[in-house]
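Numbering (the working numbering), first residue to last: 277 to 376. Reading through the structure tokens given below for one structure.
Shown next as structure tokens:
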């Protein structure tokens, strides 16, 4: 299921209010189940450009080779990292595992 960018903005604003997010410059945020469209990763990086890092996790490795994920990486470079993982079975491999 895909979340729209507007829904992601609403969610991030709610997190900002309820979790009292203000300065995320020393914070790493994980988006578990980031999905093909990376809405929350994108909105988080737009609304908190000083966040230390955003880590997008998804069990489907194809998410990370998509044109959109490449565009997000290009736009945010050092601030975003992706990890292929399945938290239900506590499985995680760095993407470099698939590239070697």
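Glycine is no exception: its CB is placed at the ideal position from the N, C-alpha and C atoms. Keep in mind that this is a model prediction, so the values were computed, not measured.
Query                                                                                                                             : Result
Span separating the alpha-carbon of residue 360 from that of residue 344                                                          : 16 Å
Residue from 287, 292 and 311 with nearest C-alpha to residue 340                                                                 : 311
Distance between residue 302 and residue 348 (C-alpha atoms, nearest Å)                                                           : 21 Å
Contact set for residue 308: own chain, Cβ-Cβ below 8 Å, skip 5 residues either direction                                         : 333 and 363
Buried or exposed by the 16-neighbour rule on C-beta atoms within 10 Å, applied to residue 365                                    : exposed
Buried or exposed (CB count within 10 angstroms, at least 16 for buried), residue 318                                             : buried
Beta-carbon contacts of residue 321 that lie in its chain and below 7 Å, excluding the five residues immediately before and after : 327, 330, 352, 355 and 356
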